[in-house]
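K.L.:
Would you mind keeping the following structure in view while I ask a few things?
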Amino acid sequence: MTKPRLRVIPLGGLSGIGKNMMVMEYEDDIIVIDAGLMFPEEEMLGIDLVIPDISYLLEKREKIRGIVITHGHEDHIGALPYLLPQLNVPVYSTKLTWGLISVKLKERKALTGAKLTVVPPGGQITLGKFNVEFFPVCHSIPDAVGLIINTPVGTVVHSGDFKLDYTPVSGKPTDLSRLAQLGAQGILLLLSDSTYAELPGYTPSERVVGETLDHIMADAPGRVIITTFSSLVSRIQQVIDSAAKHQRRVFIVGRSMTDTSHMALELGYLNDTGGVLARLDELKSMPHNQVVLVTTGSQGEPTSALVRMANRDHRQVHILRGDTIVISASPIPGNESLINRTVDSLFRQGAQVLYDKVAQVHVHGHGSQEELKLLLNLVKPKFFVPIHGEYRHLSLHAKLAQSVGIPKENTFILEDGDILEVSPQAGKIAGKVTSGNVYVDGLSVGDIGTVVLRNRRMLSRDGIVVVIMAVNKQTGKLVGRPDIISRGFVDTRESKDMIDESRDLVARSLDHSGDRPTEWSFVNTKVRDILNKFYYEQTKRRPMILPFMVKV
Ligand SMILES: [Zn+2]
Ligand SMILES: [Zn+2]
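Quick note: the sequence shown uses my numbering, first residue 1485, plus one each step.
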């Protein structure tokens, strides 16, 4: 008889940055850690969001004891509004994370019926055979935790996203003494954040940004407009503190920024003791050098307040000469060109723009190499799995683990869908489950397949050609030459000869085919083949070709 083993299965976050989701399974119990989203890459045209494929969880729904969330960033909570209605299981998180989840669920009308439970940092919950302890970690959002998971085969530590900021702006520093204590007792498996495994040294403290903001507020001749993630509550706090010091009032612009800051004020994660927060209708009467605006748009999101301001499309705020705009975030990979376009258009309107390449207006929230090594040294796990990263991040993190003495054969570089089986003695990759991307396009979830995406890609790159063929109802013979209409493919006037030639080509091929052209699937394929080849030879492009048959 084989002994039961712990199964560790990443469903997201290990084959690319974002949409984090980790499954732990022991006999009849499953817990899920995080349920995040990923922003689409540039070639995913028209896609709003990407979430993990949870087919595996849907199959085993009755075994799931709960979803445990490490912190309130989109790449850890963003899929909940889409997945929770399907899974209908309880969700456990700290208070601020709970608040952010509630805001998200409400936006998507998925809050009713959701079972959300708050667990304080340091608290514990029992989920089937798992006991989960939340330990405080420092990250670019307050109330972030890592997890200490007691399982029947041993203790697992999941770092969440973390860095070792000894002077965090809000919240506690990472609880190193608790980890050292655990390390002394013996840890079976460590799962640790690899996002910044490429960077040597230590990640700077959030305090550095506070100093930069102070200088900006002191020196800016006019308004200061700061854009960041709405979830970066500690950054908003830094803005409020710095504004108070420099006799400026703070105006929050945009719905998600307003919702989040209200929630954070109510829960006590934002403090406005100086009373610097002001209502937007007071903005008009304020001298410019006493104004700070806080808004979303740091990723160039087309519907965000900053992008609308940049495009002169915002109802309340117009960019003015003398404005100083601070982009206090680093670009999520894939968003660079959107952000650059926004920055260009802000400069064009006479604003001064400060972003991470020109000023220290942002520090990231993930540990660099020395911090990752320190965690490995404290926890001293038997087995190690690098998480949260692309393959190179995971590989580099695995190397770091070897450098501090974790044997290579005890380190597993997993990809999404891999099943890692662990017993107290051994670990091995034991197969694969379904995993991948589910695309969210406006209101529809999951019915955009790779075919739709491929078509969108083709259309955007090479355009479309519609072929209209008239056929005689009785004889099934082609009547005249087919008509060809194209969009986004070639200049129709300049390429008139080529299009004409292709009309003849289609006509000839159907005449000579000997088959009755009314056999639709045959005609369809044949016309597409011929034109594909011809157009590619002529233009090196592959437009989408849509044949139509009209019976006359
Ligand atoms: Zn995070
Ligand atoms: Zn993350």
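Using N, Cα and C, we set each Cβ at its ideal position, and we do this for glycine too.
Run through DSSP, which three-state label would Ala1748 get?
P.N.:
Counting from 1 along the sequence shown, the entry for residue 1748 is found at position 264. Ala1748 falls in the helix class under three-state DSSP.
K.L.:
Between which two residues does the beta strand (DSSP E) holding Leu1631 run?
P.N.:
By one-based count along the sequence shown, residue 1631 stands at place 147. Here the beta strand (DSSP E) through Leu1631 covers 1629-1635.
K.L.:
Between Pro1966 and Val1990, how many whole angstroms is the CB-CB distance? I'm expecting something under 8 Å.
P.N.:
Taking the sequence shown and counting its residues from 1, the one referred to as residue 1966 is at position 482. Taking the sequence shown and counting its residues from 1, the one referred to as residue 1990 is at position 506. That pair is a contact at about 5 Å.
K.L.:
Counting Cβ pairs, one atom from each stretch, are 3 or more of them under 8 Å apart for the stretch 1664-1679 and the stretch 1850-1859?
P.N.:
Here the stretch 1664-1679 makes contact with the stretch 1850-1859; the two share three or more CB pairs at distances below 8 Å.
K.L.:
In or out: Leu1804 buried (at least 16 other Cβ within 10 Å) or exposed?
P.N.:
Mapped onto the sequence shown, residue 1804 falls at position 320. Under this definition Leu1804 is an exposed residue.
K.L.:
Only counting runs of 4 or more residues, tell me where the alpha helix (DSSP H) segments fall wholly within the stretch 1853-1936, in order along the chain.
P.N.:
1853-1863, 1875-1887, all fully within the stretch 1853-1936.
K.L.:
In chain order, what residues of the same chain lie with their CB nearer than 8 Å to the CB of Leu2015, ignoring the 5 residues before and after it?
P.N.:
The count along the sequence shown starts at 1 and reaches residue 2015 at position 531. Excluding positions up to five away in sequence, the list reads Val1949, Val1951, Ser1986, Leu1989, Val1990, Ile2029.
K.L.:
Can you round the beta-carbon distance between Asp1513 and Leu1611 to whole angstroms, since I take them to be within the 8 Å contact cut?
P.N.:
Stepping through the sequence shown from its first residue, residue 1513 is reached at position 29. Stepping through the sequence shown from its first residue, residue 1611 is reached at position 127. That belief holds up - the Cβ atoms of Asp1513 and Leu1611 are roughly 7 Å apart, short of 8 Å.
K.L.:
According to DSSP, what are the bridge partners of Glu1617?
P.N.:
The residue given as residue 1617 occupies position 133 in the sequence shown. Under the DSSP definition of a beta bridge, Glu1617 partners with Gln1608, Ile1632.
K.L.:
Any chance the CB of His1623 is under 7 Å from a heavy atom of ligand 1?
P.N.:
Position 139 of the sequence shown, counted from the start, is the residue given in the question as residue 1623. Because some heavy atom of ligand 1 lies under 7 Å away, the Cβ of His1623 counts as near it: yes.
K.L.:
Quick check: does the Cβ of Asp1984 come within less than 7 Å of any heavy atom belonging to ligand 2?
P.N.:
Here residue 1984 refers to the residue found at position 500 of the sequence shown. It does not: the Cβ of Asp1984 is nowhere closer than 7 Å to a heavy atom of ligand 2.
K.L.:
How about Ala1598 and Thr1712: are their beta carbons less than 8 Å apart?
P.N.:
Looking up residue 1598 in the sequence shown gives position 114. Looking up residue 1712 in the sequence shown gives position 228. It is not a contact, given that the beta carbons lie outside the stated cut-off.
K.L.:
Could you tell me which residues DSSP puts in a beta bridge with Pro1536?
P.N.:
Working through the sequence shown from its first residue, we reach residue 1536 at position 52. Paired residues: Asn1921.
K.L.:
What residue does the beta strand (DSSP E) around Gln1836 start on, and which one ends it?
P.N.:
Mapped onto the sequence shown, residue 1836 falls at position 352. That run of the beta strand (DSSP E) goes 1836-1838.
K.L.:
Report yes if the CB atom of Leu1648 is closer than 8 Å to the CB atom of Gly1851, and no otherwise.
P.N.:
Residue numbering aside, residue 1648 sits at position 164 when the sequence shown is read from its first letter. Residue numbering aside, residue 1851 sits at position 367 when the sequence shown is read from its first letter. Contact: yes.
K.L.:
Around the C-beta of Tyr2019, are 16 or more other C-beta atoms found within 10 angstroms, so that it is buried, or is it exposed?
P.N.:
Here residue 2019 refers to the residue found at position 535 when the sequence shown is read from its first residue. Label assigned to Tyr2019: buried.
K.L.:
Among the candidates Leu1666, Leu1564, Gly1706, Ser1661, whose CA atom is the shortest distance from the CA of Glu1591?
P.N.:
Locating residue 1591 in the sequence shown gives position 107, where the first residue counts as 1. Minimum Cα distance to Glu1591 is reached at Leu1564.
K.L.:
Flag this pair as touching only if the stretch 1610-1629 and the stretch 1818-1827 have three or more C-beta atom pairs under 8 Å; answer yes or no.
P.N.:
no
K.L.:
Taking Asn1634 as the reference, give the member of Leu1490, His1772, His1746, Leu1761 with the closest Cα.
P.N.:
Within the sequence shown, residue 1634 is the residue found at index 150, counting from 1. Distances from the alpha-carbon of Asn1634 to those of Leu1490, His1772, His1746, Leu1761 put Leu1490 closest.
K.L.:
Hey, Gln1722 and Leu1697 are a contact pair by Cβ (cut 8 Å); roughly how many whole angstroms apart?
P.N.:
What you label residue 1722 is simply residue 238 of the sequence shown in a count that begins at 1. What you label residue 1697 is simply residue 213 of the sequence shown in a count that begins at 1. Your pair Gln1722 and Leu1697 checks out as a contact, with CB atoms roughly 6 Å apart and the cut at 8 Å.
K.L.:
How about Ile1903 and Ile1913: do their beta carbons lie closer than 8 Å?
P.N.:
Working through the sequence shown from its first residue, we reach residue 1903 at position 419. Working through the sequence shown from its first residue, we reach residue 1913 at position 429. In this structure, Ile1913 lies closer than 8 Å to Ile1903 by Cβ.
K.L.:
Check each candidate in Thr1596, Ile1710, Asp1559 and name the one with the smallest Cα separation from Asn1572.
P.N.:
On the sequence shown, position 88 is the one that residue 1572 refers to. Selected option, being the one with the closest Cα: Thr1596.
K.L.:
Return helix, strand or coil for Pro2031, following the three-state DSSP convention.
P.N.:
The residue given as residue 2031 occupies position 547 in the sequence shown. In this structure, Pro2031 counts as strand in the three-state DSSP scheme.
K.L.:
Is His2059 near ligand 1, with its Cβ less than 7 Å from a heavy atom?
P.N.:
Here the chain covers residues 1485 to 2036 and nothing more, so residue 2059 does not appear.
K.L.:
Cα separation between Gly1638 and Met1942?
P.N.:
Counting from one through the sequence shown, the residue named residue 1638 turns up at place 154. Counting from one through the sequence shown, the residue named residue 1942 turns up at place 458. Straight-line Cα distance between these residues: approximately 51 Å.
K.L.:
For ligand 2, is there a heavy atom less than 7 Å away from the beta-carbon of Asn1504?
P.N.:
Stepping through the sequence shown from its first residue, residue 1504 is reached at position 20. Yes, ligand 2 has a heavy atom inside 7 Å of this Cβ.
K.L.:
Let me check you understand the geometry: is the CB of Asp1988 closer than 7 Å to at least one non-hydrogen atom of ligand 2?
P.N.:
As a position in the sequence shown, residue 1988 is number 504, starting the count at 1. Every heavy atom of ligand 2 is 7 Å or more from the Cβ of Asp1988, so no.
K.L.:
Which stretch, first to last residue, makes up the beta strand (DSSP E) that contains Gly1496?
P.N.:
Taking the first residue of the sequence shown as 1, we reach residue 1496 at position 12. Counting along the chain, the beta strand (DSSP E) containing Gly1496 begins and ends at 1490-1496.
K.L.:
If you drop the 5 nearest sequence neighbours on each side, which residues of the same chain put their C-beta closer than 6 Å to that of Gly1920?
P.N.:
Taking the sequence shown and counting its residues from 1, the one referred to as residue 1920 is at position 436. Correct list, in chain order: Asp1537.
K.L.:
Could you pull the start and end residues of the alpha helix (DSSP H) that Val1692 belongs to?
P.N.:
Within the sequence shown, the letter at position 208 stands for residue 1692. 1691-1703 is the span of the alpha helix (DSSP H), which, as asked, contains Val1692.
K.L.:
Between Lys1579 and Leu1751, is the Cβ-Cβ spacing less than 8 Å?
P.N.:
Position 95 of the sequence shown, counting from 1, holds the residue named residue 1579. Position 267 of the sequence shown, counting from 1, holds the residue named residue 1751. Taking 8 Å as the Cβ cut-off, Lys1579 and Leu1751 qualify as a contacting pair.
K.L.:
For His1848 and Asn1504, which I take to be in contact (beta-carbon distance under 8 Å), what is that distance rounded to the nearest angstrom?
P.N.:
Here residue 1848 refers to the residue found at position 364 when the sequence shown is read from its first residue. Here residue 1504 refers to the residue found at position 20 when the sequence shown is read from its first residue. Contact flag wrong, Cβ pair sits at about 16 Å.
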